[in-house]
Amino acid sequence: GDALGTFNNTLINSGTIVGNNGTAVQFGAGSDKLVLNSGFAFTGVVEGGAGDNTLEFASGDASLDLGTEFVDFDVVQVDSGATLSLGGATTIASGFTFDNQGTLANTQTLTIDGVFTNSGPIDNTGTIVGGFANTGTLGNSGLITGNPYGVSGGGTITNSGTIHGTVAGVDFTAPGMLT
Numbered sequence: 687g688d689a690l691g692t693f694n695n696t697l698i699n700s701g702t703i704v705g706n707n708g709t710a711v712q713f714g715a716g717s718d719k720l721v722l723n724s725g726f727a728f729t730g731v732v733e734g735g736a737g738d739n740t741l742e743f744a745s746g747d748a749s750l751d752l753g754t755e756f757v758d759f760d761v762v763q764v765d766s767g768a769t770l771s772l773g774g775a776t777t778i779a780s781g782f783t784f785d786n787q788g789t790l791a792n793t794q795t796l797t798i799d800g801v802f803t804n805s806g807p808i809d810n811t812g813t814i815v816g817g818f819a820n821t822g823t824l825g826n827s828g829l830i831t832g833n834p835y836g837v838s839g840g841g842t843i844t845n846s847g848t849i850h851g852t853v854a855g856v857d858f859t860a861p862g863m864l865t
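Take the position in the sequence shown, starting the count at 1, then add 686; the result is the number in the working numbering.
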């Protein structure tokens, strides 16, 4: 699909979109939104374009590589009914926002240079570089590092790995529990 221009487009996909030229979806310069439901598939890159673009995982289970398969999205949102497994090294770049309300699994390296907030469950067996705000349930058997904090906020944190911050590994600024 091609939505070039300054339009504010929304694409809701639970099927398959194929781009024979290597690009499955190409949004334009508008503020666009891509909503992914259970059963979605793409053959080719999904290009967010130049606007303020949102990639929303609404339902189902997905494993993907942000920044390679999906590019130029400013906000990534995982809804409460969705499960997302990050494959490969993933970077939340400066100026970008990742909002997890669903279930997130990280087995590789997640680098957070932008804003990352969590109100759902996270299972980290890999490495998270860059602190984040947590009000959900965090299970960590990997490594989390951040400056000034590895994890801030509240929620429930179960740690059998390492959480490191330059000031504190965990900074409880809201009700929470560390086990």
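For each residue, glycine too, the CB sits at the ideal point set by N, CA and C.
Glutamine 763 in three-state terms, based on DSSP: strand
Through-space distance from valine 731 to glycine 773, alpha-carbon basis: In this structure, the alpha-carbon of glycine 773 lies about 15 Å from that of valine 731.
Residue range of the unbroken beta strand (DSSP E) whose run includes proline 834: Boundaries for proline 834: no beta strand (DSSP E) harbours it, and the DSSP string shows neither H nor E there.
Spatial distance of glycine 840 from alanine 791 (CA atoms): 19 Å
Backbone CA spacing between alanine 710 and threonine 776 [nearest angstrom]: 21 Å
Under 8 Å between C-beta atoms of valine 762 and leucine 752: yes
Residues bridged to aspartate 857 [DSSP beta-bridge criterion]: Ser838
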